[in-house]
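**Q**
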Amino acid sequence: MLKSKITLCLFTATSTGLTFQTYFNSHYSSFSPESSIFPEKIRATIHGILRSSRAIFAITLTAVDYKFSLRRSPMDSDDYRRKLSEVHLRSAERILKLCEANKGFYVKAGQLVAALRNVPKEYSLTLSVLQDQAVPYPFEAIKKVLIYNLRQDLSEIFSSFDENPIAAASIAQVHRAVLKDGQELAIKVQYPGLLQQLNIDITTMSLLSTSVSWFFPDYRFDWLVSEFVKDIIVELDFIQEARNSERTALNFKNNNTLKIPRVFWDLTTDQVLTMQFCRGQKVDDVVYMKKHGIDPTKVAKALVEIFAEMIFVHGFVHGDPHPGNILVCPVGPHGFSLVLLDHGIYKQLDEGFRLKYCELWRALLIADSNKIKLLGEQFGVAKYFRYFPVIFTGTTIDSKRVLDGRMSAVEKSNLKKELTSLKMEDISSFMESLPPDFLRILRTDGLLRSVIKKLGASQRVRLLAYAKFALHGLSPELNFESDFSIKVMLSRLKMRVSYLQLRLTLEVLELLHWVTLMAPKLLKTCSGLLTRIFTLSYR
């Protein structure tokens, strides 16, 4: 009965939205909802109806597509898997069009889905284009936000202000300006009307998530909507973003490879963030690096060590490290430096979680399956503990080739059989059971791995960095400025020895695996060589 009511509501909402959109397009095709012929409240209402109707129609069509395209194929058949991949691709393309049409929060939601490592590859690949796709607002609308927030005309503050944005994202765009004293600035301006859109967009997403769960009980996305809402509310507060950037700068004050733009507080509000202008190119621009004599693998190592320190040591983690938020500059102690931007989304890890996560990585790297199982129970996902190595190191629970990050043919075959038995219910249950901190780590780690791959660095670079900082994160916390120097030195020595012991263990395991693989070939070669020597000696 309840499902029938939900179906009727969705159908009615979809039909109403489509009727409104058709009427609007036919009567006002030459206008946009931003047009001045509409008062602000009416514009917001029109926006809300258009955005919601598009969303309801797209998701309803997607649900119907899954329901009817797969209904006649056995779940364990090749035909089912082929059709499922086709539906995934169609649905991902449909949702991409929805995000591009609705912009704003929908683009942000699409970026979040694209960064998750547990979604079908058809979704992650299709929606990944949203990371670099954003249409800037007209400068007149941006100028009104600036004047309202800064309480002065731009000419009174700046000697020059570039009306063309140097970057545009889902909720804001960045302009370059110069103060009257010659200081170059990067000014991040929030798009107008976002707060008015927020409530209706969140309500629509929650309704759709609940409806999908009713029709498809195995597909539950409430956890995803919940995380998205938390992120977006925080990200709209530019004052908090400025605080996050200063805290990160303090955490890395001794790291001369990382640069955090300085905040200009007198020109910063909750809708306008004014920072020091920093030059550089996206961190995945390999052509730029080679042109300036920068080794991309060294950049990858520096980048992963910065984020490993964030995760394992400070527990204060930048939540959106896609290439547009990290610049590489050809000036620095090692021939380059990294500039970290967009500090809107951060996660303060629970201290207990941080320590357990450090222990998990130590267990993963030495293939301690018993410890991994114990930690899986503590994380609330005991049933799925054996998939931690697959998620984080690309190996199975029984593998000894951790640093290699690849599986043998036998391991791949066994894993495929295991995964075939998993249902969407298992994935939904796994994601719902994980601590919230884990979801943020999964997203950050997924984005990092993508960047590292583009830079041509091996899996080993990431694993060794994680090993080093996981051990650092487990060492006693010291105040390096006030504690006795001998105590600090002993702590550092102990941490270094522990890291070297772990690395030696990993290298020995790799060597033993190599010897096991090469032994038959070596024996055959030696046997052939001895036979040849024996034959020659008796001629």
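Using mature numbering (1 follows the signal peptide of the UniProt record, and there is no 0), the letters of the sequence shown correspond one by one to residues -17 to -1, 1 to 522.
In this text, a Cβ means the ideal position worked out from N, Cα and C, and glycines have one as well.
Every value quoted in this text rests on a predicted model; they were computed, and no experiment measured them.
1) Can you tell me the Cα-Cα spacing of Ser19 and Ala124, whole angstroms?
2) So, for Val296: in the same chain, excluding its five sequence neighbours on each side, which residues have a beta-carbon less than 7 Å away from its beta-carbon?
3) Terminal residues of the continuous alpha helix (DSSP H) containing Val128?
4) Taking contact to mean at least 3 C-beta pairs separated by less than 8 Å, is the stretch 179 to 186 in contact with the stretch 155 to 164?
5) Less than 7 Å between C-beta atoms, sequence neighbours within five positions excluded: which residues of the same chain meet that for Asp220?
6) When you compare only the Cα positions, how much space is there between Pro57 and Lys80?
7) Using a Cβ-Cβ cutoff of less than 6 Å, which residues in the same chain neighbour Ile42 once the five nearest sequence positions on both sides are dropped?
8) Following the continuous beta strand (DSSP E) through Lys171, name the residue where it begins and the one where it ends.
9) Do you know whose CA, among Arg73, Asp61, Arg64, lies nearest Thr45's CA?
10) For His275, which of helix, strand or coil comes out of DSSP?
11) Does the distance from the CB of Val157 to the CB of Pro244 come in under 8 Å?
12) In angstroms, rounded to a whole number, what distance separates the CA positions of Gln166 and Gln259?
13) Excluding the five sequence neighbours on either side, which residues of its own chain have a C-beta within less than 7 Å of the C-beta of Leu256, listed in chain order?
14) Would you be able to state if there are at least three C-beta pairs under 8 Å between the stretch 234 to 248 and the stretch 321 to 337?
15) For Asn397 and His317, I'd like the C-alpha separation in whole angstroms.
16) In terms of residue numbering, what span does the beta strand (DSSP E) encompassing Ile355 cover?
17) In its own chain, which residues sit with a C-beta less than 7 Å from the C-beta of Glu464, not counting the 5 before and 5 after it?
18) What's the C-alpha gap between Ala365 and Pro304?
19) Under a Cβ-count criterion, where at least 16 other Cβ atoms within 10 Å of its own Cβ denotes burial, should Thr187 be classed as buried or exposed?
20) Going by Cα to Cα distance, which pick from Phe421, Tyr449, Asn227, Leu347 is closest to Gly335?
21) Helix, strand or coil: which one does DSSP assign to residue 568?
22) Hey, Val266 and Thr427: beta-carbon distance below 8 Å or not?
23) Roughly how many angstroms separate the alpha carbons of Asn85 and Arg37, rounded to a whole number?
24) Could you check whether the stretch 266 to 282 touches the stretch 434 to 442, counting it as contact only if at least three pairs of C-beta atoms, one from each stretch, sit closer than 8 Å?
25) Kindly list the residues whose CB is nearer than 6 Å to the CB of Ser35, restricted to its own chain and excluding five residues on each side of it in sequence; keep chain order.
26) Measure the CB-CB distance between Ile355 and Ile374 and report whether it falls below 8 Å.
27) For Arg245, report the span of its alpha helix (DSSP H) as first-last.
28) Quick one: what does DSSP say Cys261 is sitting in, helix, strand or coil?
29) For Phe290 and Gly298, what's the separation of their Cα atoms in angstroms?
30) Any beta carbon from chain D within less than 8 Å of Thr378's own beta carbon?
31) Closest to His275 by C-alpha separation, out of Tyr370, Gly315, Arg54, Tyr340, would be which residue?
32) Output yes or no for whether 8 Å exceeds the beta carbon distance between Tyr106 and Ala75.
33) Using the C-alpha atoms, what's the distance from Leu343 back to Val96?
34) Determine whether the beta carbon atoms of Ser153 and Ala117 lie at a separation below 8 Å.
35) Taking the alpha helix (DSSP H) that Tyr370 belongs to, which residues open and close that run?
36) Counting along the chain, where does the alpha helix (DSSP H) carrying Phe336 start and finish?
**A** Inspection of the coordinates gives the following:
1) Your numbering for residue 19 matches position 36 in the sequence shown. Your numbering for residue 124 matches position 141 in the sequence shown. Residue placement at Ser19 is poorly supported in this model, since its pLDDT is 46, which falls under 50; the coordinates still yield a value, given next. Whole-angstrom Cα-Cα distance: 11 Å.
2) If you number the sequence shown from 1, residue 296 lands on position 313. The residues are Phe452, His455, Gly456.
3) Along the sequence shown, one-based indexing puts residue 128 at 145. Here the alpha helix (DSSP H) through Val128 covers 122 to 133.
4) They do not touch, by the three-pair rule.
5) Your numbering for residue 220 matches position 237 in the sequence shown. So the list reads Asp253, once near-sequence residues are dropped.
6) Position 74 of the sequence shown, counted from the start, is the residue given in the question as residue 57. Position 97 of the sequence shown, counted from the start, is the residue given in the question as residue 80. Going by the C-alpha atoms only, they are around 31 Å apart.
7) The sequence position of residue 42 within the sequence shown is 59, counting from 1. Residues Leu191 of the same chain have their beta carbon placed closer than 6 Å to that of Ile42, with the five preceding and five following residues left out of the count.
8) Position 188 of the sequence shown holds residue 171. Lys171 -> beta strand (DSSP E) spans 167 to 173.
9) Here residue 45 corresponds to residue number 62 of the sequence shown, with the count starting at 1. When only C-alpha atoms are compared, the closest one is Arg73.
10) Start at 1 with the first residue of the sequence shown, and residue 275 comes out as number 292. Three-state result, His275: coil.
11) The residue labelled residue 157 in the question sits at position 174 within the sequence shown. The residue labelled residue 244 in the question sits at position 261 within the sequence shown. Cβ distance not < 8 Å, so Val157 and Pro244 don't count as in contact.
12) Indexing the sequence shown from 1 puts residue 166 at position 183. Indexing the sequence shown from 1 puts residue 259 at position 276. For Gln166 and Gln259, the distance between alpha carbons rounds to 8 Å.
13) The residue given as residue 256 occupies position 273 in the sequence shown. Excluding sequence neighbours, Leu256 sits near Lys171, Phe221, Glu224, Ala225.
14) With the cut-off at 8 Å, the stretch 321 to 337 and the stretch 234 to 248 touch.
15) Position 414 of the sequence shown, counted from the start, is the residue given in the question as residue 397. Position 334 of the sequence shown, counted from the start, is the residue given in the question as residue 317. Going by the C-alpha atoms only, they are around 44 Å apart.
16) Residue numbering aside, residue 355 sits at position 372 when the sequence shown is read from its first letter. Looking at the DSSP string, Ile355 is not in any beta strand (DSSP E); the run it does join, the alpha helix (DSSP H), is 352 to 361.
17) Translated into the one-based positions of the sequence shown, residue 464 becomes position 481. Confidence at Glu464 is low in this model, with a pLDDT of 49, below 50, so the placement of that residue should be treated as unreliable; the coordinate-derived value is given next. If we look at Glu464 and ignore the five residues flanking it on each side, it has no Cβ neighbours.
18) What you label residue 365 is simply residue 382 of the sequence shown in a count that begins at 1. What you label residue 304 is simply residue 321 of the sequence shown in a count that begins at 1. Cα to Cα, Ala365 sits roughly 30 Å from Pro304.
19) On the sequence shown, position 204 is the one that residue 187 refers to. So Thr187 counts as buried.
20) Position 352 of the sequence shown, counted from the start, is the residue given in the question as residue 335. Gly335 has its Cα closest to that of Phe421, out of Phe421, Tyr449, Asn227, Leu347.
21) The question about residue 568 has no answer here: the residues shown for the chain are numbered -17 through 522.
22) Within the sequence shown, the letter at position 283 stands for residue 266. Within the sequence shown, the letter at position 444 stands for residue 427. It is not a contact, given that the beta carbons lie outside the stated cut-off.
23) For the purposes of this step, residue 85 is taken as residue 102 along the sequence shown, with counting starting at 1. For the purposes of this step, residue 37 is taken as residue 54 along the sequence shown, with counting starting at 1. The straight-line gap from Cα to Cα measures roughly 8 Å.
24) Result yes; three or more Cβ-Cβ pairs closer than 8 Å.
25) One-based indexing of the sequence shown puts residue 35 at position 52. Exclusion of the five residues before and after Ser35 leaves Thr187 as the residues of its chain whose Cβ lies within less than 6 Å of its Cβ.
26) Within the sequence shown, residue 355 is the residue found at index 372, counting from 1. Within the sequence shown, residue 374 is the residue found at index 391, counting from 1. No. Outside cutoff.
27) On the sequence shown, position 262 is the one that residue 245 refers to. Here Arg245 belongs to no alpha helix (DSSP H), and DSSP marks it neither H nor E.
28) The residue you call residue 261 lines up with position 278 of the sequence shown. If DSSP states are grouped into helix, strand and coil, Cys261 belongs with coil.
29) Position 307 of the sequence shown, counted from the first residue, corresponds to residue 290. Position 315 of the sequence shown, counted from the first residue, corresponds to residue 298. About 10 Å.
30) Of the protein chains in the structure, only one exists, and it is not chain D.
31) Working through the sequence shown from its first residue, we reach residue 275 at position 292. That would be Gly315, whose Cα lies nearest to the Cα of His275.
32) Locating residue 106 in the sequence shown gives position 123, where the first residue counts as 1. Locating residue 75 in the sequence shown gives position 92, where the first residue counts as 1. Yes. Within cutoff.
33) Numbered from its first residue, the sequence shown carries residue 96 at position 113. Numbered from its first residue, the sequence shown carries residue 343 at position 360. Near 25 Å, if we compare the C-alpha coordinates of Leu343 and Val96.
34) Sequence index remark: in the sequence shown, residue 153 carries index 170 (1-based). Sequence index remark: in the sequence shown, residue 117 carries index 134 (1-based). Result yes, Cβ atoms of Ser153 and Ala117 sit closer than 8 Å.
35) Within the sequence shown, residue 370 is the residue found at index 387, counting from 1. Note, Tyr370: premise wrong, no alpha helix (DSSP H); not H, not E.
36) As a first step, residue 336 must be located in the sequence shown, where it is residue number 353. Start and end: 334 to 348.
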